[in-house]
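Just below is one structure, and these are the notes that go with it.
2 protein chains.
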Amino acid sequence: MIDKLEYLLALSRERHFGRAAEACGVTQPTLSAGLKQLEATLGALLVQRGSRFVGLTPEGVRVLDWARRIVSDTRAMRQEIVALKRGLTGHLRIAAIPTALGMVSTLTTPFRTRHPDVTFKISSCTSIAILAQLENLEIDAGITYLDNEPVGRVRQIPLYYERYQLLTTPDSPLGDRAEVTWAEVASVPLCLLTPDMQNRRIIDRLLRAAGTEPAPTLESNSMILLFSHVRTGRWSSIMPAKLAQTLGLTNTVRAIPIVGPDTAHAVGLVVPSREPMTSLTAALVAEARRAANELADSPDERENLRALQ
Amino acid sequence: MIDKLEYLLALSRERHFGRAAEACGVTQPTLSAGLKQLEATLGALLVQRGSRFVGLTPEGVRVLDWARRIVSDTRAMRQEIVALKRGLTGHLRIAAIPTALGMVSTLTTPFRTRHPDVTFKISSCTSIAILAQLENLEIDAGITYLDNEPVGRVRQIPLYYERYQLLTTPDSPLGDRAEVTWAEVASVPLCLLTPDMQNRRIIDRLLRAAGTEPAPTLESNSMILLFSHVRTGRWSSIMPAKLAQTLGLTNTVRAIPIVGPDTAHAVGLVVPSREPMTSLTAALVAEARRAANELADSPDERENLRALQ
DNA sequence: GCGCTCGATAGAGGTTTTCAATCGAGAGAT
DNA sequence: ATCTCTCGATTGAAAACCTCTATCGAGCGC
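Those protein sequence lines, which keep their order, are chains A and B.
For the first sequence, the numbering used here gives the first residue as 43, with consecutive numbering after it.
For the second sequence, the numbering used here gives the first residue as 43, with consecutive numbering after it.
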């Protein structure tokens, strides 16, 4: 039964019988038969039949919802029993927004010291995708903005507030400043993330609040690419302080704090709000709580973050 | 997998392989093998082995906890899909404390009018047993005192406050009174419930609060038996008003309100606090909310009850 | 030590599951 | 219109699994 529910999860994710079967490690006829059997035992069509995959029926959508619960509980149970025997083992799949990638190591490094048998897979994607993947059990945790429209039921552990810095070369127009305003930032040629990234949308909002229209002359979805363009001296960019810190300041690149309307966006760990949590998830949450104390720029900020939980 | 989890549930309930197997509708070797397979897939012993059933291992207890979740979610899923097709159908198992049996019909009657395809099984048992059975998925809902030590996670819907009346014959010492005090009640020969019933323990407390020691000359676990003894004219008894109302006042039996310290005990519906609820449970909760309005003795009381949720 | 209860084990029989191979319907291209 | 390609359903054989009856063996009480 549970394996059949996994078939349904895979199908709704892949939207293709063959790929779903492959993802489950069975052949396509097996998956087809499994779903047909699930439909028989529940007494309702779950998959809209056609020459190709069309979608799930309303009943299918409801079953999908239950399947997520049941499958994730089953996995959590398995994991907990393994953890009871051999200590914390297993695999944590984490997705993070690109601007948070730099600080992931402050989470993973102490975690591995504490639990050496846990392996990680960390992927970079948009805040929207993180919530979608959490919902579909494709990742175990995400690191993203906490002021998102709540898409699914998630538990959030605040980590730090994102503050922005202008990345530029010392010999460019603003290169010698100790701090700059958002209005000033808009006056230099900028390279920024693409607008599908929430970070870019936040920066756009901040620039508009300063009365200017964002007009980057180069867009990319890779922070590394932006950074390398800044190094040429022909572009400047805007980056969260935590990330600029990680990339390291060479003698050709300066990071200048941007002052002005301080609409700080909190970044934190998000995990499925299932009670009780997976033992791995629980350990990660504990680690995040510890990391939050280290990452906070001031005791004040620490207090504010704690209030967000 | 799920059927194996059901085996574990049955075993922990019956504490006997043969009876557990019977409860699951399989033979004892099948249940034994199923549990052994569950142990193999989880990689841990779940049942303490001995010549007879000893108990579950710590791992077994943890798995049992998950099994309850997974099995109940699976049942809820099945039910919801059936409900989507054929409207609300199925079976509701309710347990109630004896003193609440009289008012169950104010819940079930309108429920059946609304959902004619739902059948009921209503059993009478102690408040402790109700919570235990709820925990073990043996009943779907209970009707009991709401001031219990919370044994499991339950959601409670208040129905009414229990108030006590003296049941007696018109020609007995207190038979002509409009109301009596707890101290007066203690002066007549009483027949009461046995002390394993919470109702009796409450009455004992009330009698002691009035400075008297409860000394019933007859005890039983059946309200009907108590009532029939009252009718002989040789005993009086103490009953919740709601129940006295249901049993009906013949011309040989009077119900006299007992005044004094008003430590009202709220009675209500309790259901497993699983999110989302079974469709049947959700419908029952809705019915209980409606019934609470009807049962309340005053608007004041209605307000107090609402606050308990 | 005898008998009884309980749970484990063995082996047969039947069902279910799985897979490779193939079919057939529909979409898109020519 | 027809060809072709993709996708999901179907088929049939082999393997795996599950469930049963029958029986065993350990421990408990007498």
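For each residue, glycine too, the CB sits at the ideal point set by N, CA and C.
Here H157(A) is not near I244(A), since their CB atoms are 7 Å or more apart. By DSSP's assignment, T186(A) forms a beta bridge with G310(A).
The Cβ of E101(B) sits closer than 7 Å to at least one Cβ of chain A.
Contact note: V105(B) reaches chain A through M119 and I123, using a C-beta cutoff of 7 Å and chain order. Burial is judged here by how many other beta carbons sit within 10 angstroms of a residue's own beta carbon; I266(B) has fewer than 16 and is exposed. With a beta-carbon spacing of about 25 Å, T141(A) and V160(A) fall beyond the 8 Å limit used to define contacts.
Scanning W277(B), R104(B), Q175(B) and A283(B) for the CA closest to the CA of P231(B) turns up W277(B).
At a cut-off of 7 Å between beta carbons, M43(B) contacts chain A. Boundaries around A297(B) are those of the beta strand (DSSP E), R296 to V301, since no alpha helix (DSSP H) includes it. Under DSSP, A138(B) shares a beta bridge with S166(B) and I185(B). Within chain B, no residue has its beta carbon less than 7 Å from that of T323(A); the closest one is some 15 Å off.
Within the DSSP secondary-structure output, V160(B) pairs in a beta bridge with G132(B).
Around the beta carbon of R242(A), 16 or more other beta carbons lie within 10 angstroms, which makes this residue buried. Distance from the Cα of G129(A) is smallest, within the candidate group R331(A), E329(A), A330(A) and A325(A), for A325(A). In this structure, the beta-carbon distance from A86(B) to I123(A) falls below 7 Å. In terms of beta-carbon proximity, R316(A) stays away from the interface with chain B, with every pair separated by 7 Å or more.
Under the DSSP assignment, T288(A) falls in the alpha helix (DSSP H) whose first and last residues are A283 to L289.
Boundaries of the beta strand (DSSP E) harbouring L260(B): L260 to S262, taken from the DSSP string.
Along the segment 66–89 of chain A, going in chain order, the ones with a CB nearer than 7 Å to a CB of chain B are L84, G85 and A86. The beta-carbon distance between L149(B) and E329(B), rounded to whole angstroms, is 6 Å. This is short enough to meet the 8 Å contact definition. For E204(B), the enclosing beta strand (DSSP E) begins and ends at V196 to E204.
Pairing M239(B) with T168(B) gives a Cβ-Cβ distance under 7 Å.
Taking a C-beta distance under 7 Å as the contact criterion, L47(B) and I112(B) qualify as a contact pair. The beta carbon of L53(A) sits closer than 6 Å to those of A62, all from its chain and outside the five residues before and after it, given in chain order. Chain order gives the chain A residues near I112(B) as I112, D115 and T116, where near means a beta carbon separation below 7 Å.
Neighbourhood of K284(B) in chain A, by CB distance below 7 Å: empty, with the nearest CB roughly 36 Å away. Counting along the chain, L216(A) sits inside no beta strand (DSSP E), nor does DSSP assign it H or E at all. If you draw a 10 Å sphere on the C-beta of A220(A), you find fewer than 16 other C-beta atoms in it, and that means exposed. Residue contact with chain A for L50(B): absent (no Cβ-Cβ distance below 7 Å to any residue of chain A).
Contact with chain A is absent for L260(B), since none of that chain's Cβ atoms lies less than 7 Å from the residue's Cβ. Interface with chain B (7 Å Cβ-Cβ cutoff): L143(A) is excluded. In the DSSP assignment, L232(B) falls within the unbroken beta strand (DSSP E) covering L232 to L235. In the structure shown, G102(B) falls within a helical segment according to DSSP collapsed to helix, strand and coil.
Counted as a single uninterrupted DSSP element, the alpha helix (DSSP H) harbouring R247(A) occupies residues Q240 to A251.
In the DSSP assignment, S74(A) falls within the unbroken alpha helix (DSSP H) covering Q70 to L84.
The beta carbon of L173(B) does not come within 7 Å of any beta carbon belonging to chain A, so the residue lies off that interface.
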